[in-house]
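One structure is given here, and the rest of the page talks about it.
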């Protein structure tokens, strides 16, 4: 029998937490081992008696929001995956969450099937996002991670590497700002983006960031450009 995954819920609405607990318990070998109504309550209780395999956090909470909680967890080296639930789904927010260290993002009105897929993806592949999951499934059974990094870097030109590094920079540059920093026209940046999209089957800016995270490319891109 597959061992249960221990999950912690952080949401300021008790009705939401109870609903999630009931739903998640029906989706697989998962157990809700603790619940908190604020991020501060979770931090005060850490370390928990039962070590969680995943923390599900509401993004929009009063006092300390989900992103602030994740940032503090990262600072304190609380090494546990986080899945964010929210009604806000704009791309820049999603990218910022993944840069912060979040492993997945779901809208609060998602279906039970989507929740099940997200939980399975995080525990199987480390991250959940529709585009990331597709890329993960495509890469199953391929060469080891280091070889994948080398193969990817070999397919990128020096300018494409520079573009990709700037896309993933924590300063959150827009495409227009990237064009300025690279001293090229906006349409030239569009060309770099489309070339990378075509080479690796990526479809969005979020996908670019997740692609770099998935293959651990950021340090390699930085090192290549500094040489």
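Residue numbers (this note's numbering): 54 to 280. No residue lacks a Cβ here, since even glycine has one placed at the ideal position from N, Cα and C. Just so you know, these numbers come straight off a predicted model, no measurement behind them.
Under the 8 angstroms Cβ criterion, the segment 214–225 does not count as touching the segment 100–117, having fewer than three qualifying pairs. The C-alpha of residue 238 is placed about 49 angstroms away from the C-alpha of residue 77. In the DSSP assignment, residue 62 forms a beta bridge with 88, 109.
Look at residue 157 here: in three-state DSSP terms it is strand.
The continuous alpha helix (DSSP H) containing residue 259 extends over residues 258–268. Sixteen is the threshold: since fewer than 16 other Cβ atoms of the shown chains lie within 10 Å of the Cβ of residue 247, the residue is exposed. A Cβ-Cβ distance of about 29 angstroms is found for the pair residue 58 and residue 144, leaving them out of contact under the 8 angstroms criterion.
Only residues of its own chain outside the window of five on either side were considered, and among them 65 have a CB closer than 6 angstroms to the CB of residue 114, listed in chain order. Non-local beta-carbon contacts of residue 208 in its own chain, meaning distances under 6 angstroms to residues more than five positions away in sequence, involve 252 in chain order. Rounded to whole angstroms, residue 210 and residue 271 show a C-alpha spacing of 15 angstroms. Residue environment analysis places residue 147 among the buried positions, since at least 16 neighbouring C-beta atoms fall within 10 angstroms of its C-beta. According to the DSSP secondary-structure assignment, residue 136 is paired through a beta bridge with 109, 157. With a cut-off of 8 angstroms on Cβ pairs, the segment 120–129 is not in contact with the segment 77–86, counting fewer than three such pairs. Put simply, the backbone Cα of residue 98 is about 42 angstroms away from that of residue 216.
Counting only the Cα atoms, residue 269 lies some 10 angstroms from residue 263. Residue 181 has 157 as its beta-bridge partners, per DSSP. Counting other Cβ atoms within 10 Å of its Cβ, residue 174 reaches 16 or more and is therefore classed as buried.
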